[in-house]
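Below is one structure; the comments refer to it alone.
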Amino acid sequence: MLIVILFIYNSNGYAQQALVLDSLSLEPIPYANLNFGNNQGSVSNEDGIIFTPKDHEEYILSHLGYQTKKLPSKDLKDTLYLKALAYNLDEVVLNNFNARDTILKAFENIPKNFFSKPYNQEGIFRYSLKKDGKGVEMIETDFLSYKASLEEETKTKISEVKKTEKYKRMNLLSGVAEFLNIMDPTLKNAPILEKLKTMNFSYAGRIENEEEEIYKIEISGGEDSANGHIFLSKNQLTIKEIKVEYLRNQIPELTPDKPNHNTRIASLIKISADEDGKQFLSYAEITNDKTVLFKNDSIFRFEMKGKIAFNKLIQGKKVKKFRSNYNSKKAFNKTVAKFKQKQQWTNSQMLPMTTEDLNILKDIYAN
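When you read off a place in the sequence shown, starting at 1, and then add 14, the result is the number in the working numbering.
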């Protein structure tokens, strides 16, 4: 097992990656976008590491809170810097801005702002599980998605799988397609939006980036203490990013009839657009903290995290129609056993591993 762990760490030096930093604070910038080629791109992980292929003429590095930067291939270095933009808290806007009405209108606009024609996306899904702070399971799958229309749920075709041994006490009920449909804002009664509609919203300022004015709306309130933000463009009120965390204020007593409770749910979705301005989901992440009572009266705290990153959008005649190639009614960490297994954990180009991911694998293989 030691060989596997060493391979994980050493592989970083061979991957085409860069570190994205704030030009002033020199802090890593998570969730920055690098666009290249025809509807292709990558996103930086929580540590600011991003996939940087070397075979394109021009790259666009962007983040909602930073000045967009265009880079010729010769300027694609190991470290990339972005300049932070200042938030303008205009008193005139503040006094006349109805945040709730604006957000609800933006939600209503989603059907007309997103793709309505069939499309595919190439992506990667990574699931991890921690028990009492220690890593116990990880799964990573390469996949192709298919969405026929706004009204229909996403289908996914899994190609390759990397996985550790299944943690026997916990089943992963949601696979790739189910995860996407939870996070998809275009579906009717979309789960990611329905709970948000009950929250409080307040105007937190605006920024101007590439001649586009972006509003930042803060989220708060609710039965479960909520905090987070929504970024949306002033033009056509298009959603750019939603990040929200729900913390349970009161945790009921665990009983044999109700042996588990969610204590925290945190989610993030990032939305991109093609050259015609039509939007699509480019990154999604959800973390679920759960306290569980087992039959021997043992109580454990679990953290389940799922991440999806897309790196290519496929439209028109090249779109492939299909159904999901796994049984969504069975535990996903059981069904993935039938797919082609990669023998070693390497650092994925589309979704570089974070320090947390590597520590989870280290915990697993140390046991």
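Heads up, the beta-carbon is just placed ideally off N, CA and C, and yes, glycines get one too.
Query                                                                                                                      : Result
Residue span of the beta strand (DSSP E) that contains Asp303, given as start and end                                      : Gln293 to Leu307
Of the residues Asp146, Gly189, Tyr160 and Lys352, the one placed nearest Glu136, counting alpha carbons only              : Tyr160
Opposing strand residues paired with Tyr80 [DSSP bridges]                                                                  : Ala98
Cβ-based burial, Thr269 [other Cβ within 10 Å; buried from 16]                                                             : exposed
For Gln135, the three-state DSSP class (helix, strand or coil)                                                             : strand
Euclidean distance between Cα positions of Ile244 and Ala113                                                               : 11 Å
Nearest neighbour of Glu167, chosen from Ile153, Lys180, Glu192 and Leu187 [CA to CA]                                      : Glu192
Reference Glu174; option with closest CA among Gln31, Lys354 and Tyr217                                                    : Lys354
Host alpha helix (DSSP H) of Ile265 (start-end)                                                                            : Note, Ile265: premise wrong, no alpha helix (DSSP H); not H, not E.
Which residues DSSP lists as bridging Ser398, in chain order                                                               : There is no way to answer for residue 398, as the model of the chain reaches only from 15 to 381.
Host beta strand (DSSP E) of Thr349 (start-end)                                                                            : Not the beta strand (DSSP E): Thr349 falls in the alpha helix (DSSP H), residues Phe346 to Thr349.
Sequence-distant residues of its chain with Cβ nearer than 7 Å to Val18 (five each side left out)                          : Only weak support exists for where Val18 lies, its pLDDT of 37 falling under 50; the value from the coordinates is given anyway. Cβ neighbours of Val18 beyond the five flanking positions: Gln358, Trp359 and Tyr379.
Minimum C-alpha distance to Asn102 - residue among Phe215, Val150, Glu227 and Thr155                                       : Glu227
Residue from Tyr80, Ser239 and Lys131 whose Cα sits closest to the Cα of Ile279                                            : Ser239
Beta strand (DSSP E) segment containing Val190, residue limits                                                             : Per DSSP, Val190 belongs to no beta strand (DSSP E); it is in the alpha helix (DSSP H), Val190 to Met197.
Limits of the unbroken alpha helix (DSSP H) element including Asp377                                                       : Thr369 to Ala380
Leu307 and Pro273 closer than 7 Å at C-beta                                                                                : yes
Cut-off 6 Å between Cβ atoms - residues of its own chain near Lys292, not counting five sequence neighbours on either side : Phe129
Test item: CB-CB of Thr252 and Asn134 under 7 Å                                                                            : no
Beta strand (DSSP E) segment containing Asn276, residue limits                                                             : Asn274 to Ala287
Alpha-carbon to alpha-carbon, Tyr73 and Thr82                                                                              : 11 Å
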